[in-house]
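No gaps in the numbering here: position 23 of the sequence shown is 23 in the UniProt record's numbering, and each next residue is one more. Built from N, CA and C at the ideal position, the CB exists for glycine as well. The structure presented is a predicted model; accordingly, all values stated were derived computationally and were not measured. Structure first, commentary second.
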Amino acid sequence: MDLFEHQARELFERYGVLVPEAQVADTGSSAREAAGKLDADRHGVVVKAQVKTGGRGKAGGVKLAADAAAAEITARQILGMDIKGHTVHKVMLARPVKVDQEYYVSFVLDRAQGCFIAIASAEGGMEIEEVAEARPEAVARVPVDPAEGVTDEKAAEIVAAAALPADVAPVLRKLWQILQSEDALLVEVNPLVRTADGAVVALDGKVTLDDNARFRQARWGEEDEGGDTGGLEAQAAEKGLNYVKLEGEVGVIGNGAGLVMSTLDVVAGCGARPANFLDIGGGASAQVMADGLSVVLGDPSVKSILVNVFGGITACDAVAEGITRALGQIRLTKPLVVRLDGNNAARGREILEANPHPLLEQRTTMDGAAQRAAELATAAAAAA
1 MDLFEHQARE
11 LFERYGVLVP
21 EAQVADTGSS
31 AREAAGKLDA
41 DRHGVVVKAQ
51 VKTGGRGKAG
61 GVKLAADAAA
71 AEITARQILG
81 MDIKGHTVHK
91 VMLARPVKVD
101 QEYYVSFVLD
111 RAQGCFIAIA
121 SAEGGMEIEE
131 VAEARPEAVA
141 RVPVDPAEGV
151 TDEKAAEIVA
161 AAALPADVAP
171 VLRKLWQILQ
181 SEDALLVEVN
191 PLVRTADGAV
201 VALDGKVTLD
211 DNARFRQARW
221 GEEDEGGDTG
231 GLEAQAAEKG
241 LNYVKLEGEV
251 GVIGNGAGLV
261 MSTLDVVAGC
271 GARPANFLDI
281 GGGASAQVMA
291 DGLSVVLGDP
301 SVKSILVNVF
311 GGITACDAVA
321 EGITRALGQI
331 RLTKPLVVRL
341 DGNNAARGRE
351 ILEANPHPLL
361 EQRTTMDGAA
371 QRAAELATAA
381 AAAA
């Protein structure tokens with residue numbers, strides 16, 4: 001479960017990481033009131049969209065307002081925005097700080113190595129992926145043994161590897177404490193800044209909690225976040241679907257995590273970007289297919305949908321029946337490419353052929369289906 005930025009900020013503050021003074025608002029008038037509490041008429045205020053996705057600044061979801069009146073206008077502009085399929089229902093208003101230097105620090109779980117990785121750079125404030133690609137030597141990656149944790153010695157090792165100032169080390173210790181105590185899979189600060197008066201402050205934060213620890217952790221925001229609640233991922237979770245939002249244009253639905261991951265790779269190899277990971281598991285009933293299609297169709301960035309199913313315990317004819325019935329329950333508005341293989345695949349294809357839909361096409365191979373979905377997405381984007 002990803003936290004909203006204002007929740008991550010509250011968590012940082014609780015564990016002693018310095019953060020800017022901030023308020024949360026869900027209307028223009030409450031934003032003006034919040035800006036007044038932050039003395040915006042003297043210092044201005046930063047208005048930031050609260051959605052569980054990146055790219056807010058590029059999408060116009062982060063703006064500087066000169067005073068409380070401007071904060072109300074700005075908040076009204078940002079509230080209701082759609083940012084990568086997430087509707088903005090709240091904004092965070094934060095007091096600006098004078099930045100002298102910007103850094104990047106994070107701890108993230110590396111399942112392959114069976115440890116956490118500290119990723120740090122003296123060049124924060126931008127996409128760390130771009131920095132790592134252009135100048136990999138500027139980004140330090142230091143393994144952290146979960147049993148040992150971030151000791152004073154480990155924090156000093158991370159600081160030295162990333163060429164960070166020595167006073168960042170205590171912040172690393174506190175961030176690790178958050179990760180460990182809150183059962184987090186990711187704790188990221190970008191940027192971590194040194195202000196003009198020498199303080200080390202977290203200007204932004206991202207925290208992902210481990211849902212497997214739900215039984216022993218009080219979840220953040222499930223009761224009081226109202227309309228957003230994580231956007232499409234929350235909608236899918238309510239329907240019992242394993243869905244992860246990505247940043248592409250081809251919606252992907254498959255049965256089995258391995259098959260879906262392979263499908264994402266094939267779509268990317270065809271020159272398109274997958275818009276999501278959606279695993280319907282072993283069942284493909286009409287309701288499951290309808291739920292899956294409705295979630296994917298709810299993403300405005302999706303231009304085409306690829307259903308890739310390998311029949312096993314659930315035969316392809318049952319999947320085809322599910323798709324046919326699902327199309328009777330929902331309104332298909334985007335091209336749908338279906339590839340069926342495995343148990344009863346031929347019969348499944350016959351069922352779809354006998355129940356044609358103007359937006360549905362079939363392909364017999366995964367490569368062919370992915371290529372066609374990519375072509376349809378490209379054509380739709382060009383026509384938009």
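Pick from the options that is closest to residue i, judged by C-alpha positions
| i | options | result |
| --- | --- | --- |
| Ala320 | Pro335, Ile313, Ala345, Ile119 | Ala345 |
| Leu64 | Thr87, Ala40, Asp279 | Ala40 |
| Arg339 | Asn308, His86, Leu352 | Asn308 |
| Asp210 | Leu179, Lys239, Arg194, Gly198 | Leu179 |
| Thr74 | Thr53, Asp100, Val45, Thr87 | Val45 |
| Lys84 | Asp67, Gln50, Tyr104, Gln77 | Gln50 |
| Lys48 | Glu247, Val131, Gly348, Met92 | Met92 |
| Lys154 | Leu241, Ser181, Phe116 | Phe116 |
| Ala161 | Ala94, Tyr243, Pro136 | Pro136 |
| Leu203 | Glu102, Pro143, Ala134, Ile158 | Glu102 |
| Leu327 | Pro358, Ala138, Arg349 | Pro358 |
| Leu360 | Ala318, Ala384, Leu306, Ala315 | Leu306 |
| Glu375 | Ala196, Gly57, Gly269, His86 | Gly269 |
| Ala94 | Thr151, Gln177, Glu5, Lys174 | Glu5 |
| Ala118 | Ile158, Val88, His89 | Ile158 |
| Thr151 | Asp167, Pro143, Val168, Arg173 | Arg173 |
| Gly292 | Ala383, Gly254, Arg216 | Gly254 |
| Leu313 | Ala290, Asn343, Thr208 | For the sequence presented, residue 313 should be read as Ile rather than Leu. The shortest Cα separation from Ile313 among Ala290, Asn343, Thr208 belongs to Asn343. |
| Asn212 | Gly55, Ala138, Glu182, Arg194 | Glu182 |
Backbone CA spacing between residue i and residue j [nearest angstrom]
| i | j | result |
| --- | --- | --- |
| Ala381 | Lys303 | 7 Å |
| Ile323 | Ala112 | 36 Å |
| Val19 | Glu233 | 28 Å |
| Ala70 | Arg325 | 51 Å |
| Glu225 | Ile351 | Summary for Glu225: the model assigns pLDDT 46, below 50, so the residue's position carries little reliability; its value from the coordinates is reported in the next sentence. Spanning the two alpha carbons is a distance of roughly 43 Å. |
| Ala354 | Val337 | 16 Å |
| Thr364 | Lys52 | 37 Å |
| Lys334 | Ser121 | 42 Å |
| Asp26 | Gln77 | 12 Å |
| Asp341 | Gly258 | 15 Å |
| Ala236 | Pro165 | 43 Å |
| Leu192 | Val200 | 7 Å |
| Leu79 | Val131 | 31 Å |
| Glu10 | Gly248 | 31 Å |
| Asp228 | Asp299 | Unreliable positioning characterises Asp228 in this predicted model, as indicated by a pLDDT of 46, which lies under 50. A coordinate reading is not provided. |
| Gly256 | Leu297 | 20 Å |
| Glu222 | Arg347 | No answer about Glu222 holds up, because its pLDDT of 49 lies below 50 and its placement is not dependable. |
| Val24 | Arg214 | 25 Å |
| Ala369 | Gln362 | 7 Å |
| Gly251 | Pro356 | 21 Å |
| Gly311 | Gly281 | 11 Å |
| Ala194 | Asp145 | It is Arg, not Ala, that sits at residue 194 in the sequence shown. Going from the Cα of Arg194 to the Cα of Asp145 covers about 28 Å. |
| Ala169 | Asn242 | 37 Å |
| Ala383 | Lys58 | 23 Å |
| Asp123 | Ala163 | A quick correction: the sequence has Glu, not Asp, at residue 123. Approximately 10 Å between the Cα atoms of the pair. |
Residues bridged to residue i (per DSSP)
| i | result |
| --- | --- |
| His86 | Ile83 |
| Glu10 | Answer by DSSP bridge pairing: none, since Glu10 is not bridged. |
| Val338 | Val307, Gln362 |
| Asp63 | In the sequence as displayed, the identity of residue 63 is Lys instead of Asp. DSSP lists Val47 as partners of Lys63. |
| Leu109 | Phe116 |
| Met92 | Val24, Lys48 |
| Tyr243 | Leu278 |
| Lys104 | In the sequence as displayed, the identity of residue 104 is Tyr instead of Lys. Tyr104 pairs with Ser121. |
| Ala202 | Leu192 |
| Val207 | Val187 |
Distance cut-off 7 Å: residue i Cβ against heavy atoms of the ligand SAH
| i | result |
| --- | --- |
| Lys174 | In the structure on display, the ligand SAH does not appear, and there are no ligands present to speak of. |
- request: Please go through the stretch 249-275 and give each complete alpha helix (DSSP H) segment of 4 or more residues, from N-terminal end onward.
  value: 257-269
Those runs of the beta strand (DSSP E) which lie wholly inside the stretch 173-199 and span at least 3 residues: 184-195
message: Tell me whether the stretch 20-39 and the stretch 263-274 touch, counting them as touching only if at least three CB pairs, one residue from each stretch, are closer than 8 Å.
response: no
field: Runs of alpha helix (DSSP H) wholly within the stretch 115-158 (minimum 4 residues, chain order)
entry: 128-134
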